[in-house]
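Take the sequence shown: its position 61, counting from 1, is numbered 62 in the numbering used here, and each next residue is one higher. From the three backbone atoms N, C-alpha and C, an ideal C-beta is built for every residue, glycine too. Since this is a predicted model, take the numbers as computed values, not measurements. One structure below.
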Amino acid sequence: MDVIQKIAGELAVHQKQVTAAVALLDEGATVPFIARYRKEVTGGLDDIQLRLLGERLIYLRELN
């Protein structure tokens, strides 16, 4: 199972939302910026979901 699928399952959101959020985080966008100005891109993920997503992303990437 890849990282995107795992995070989407854990947060009960669509893979498309996770993919969009990961792309923004990888580009250097901050969680508050994404939550406020990129809601349409992430499908409405809130700051709590984005923070959890970011933490899980770092953790799972470090495992690999």
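T20 and V14 have their C-alpha atoms some 11 Å from each other. By the beta-carbon neighbour count (other beta carbons within 10 angstroms, threshold 16), L64 is exposed.
For A22, same chain residues with a beta-carbon under 7 Å away, outside a window of 5 residues either side, are I35, T43, L46, L51 and L54 in chain order.
In the DSSP assignment, G45 falls outside any alpha helix (DSSP H), carrying neither H nor E. Under the 10 Å beta carbon count, I49 is surrounded by fewer than 16 other beta carbons and is classified as exposed.
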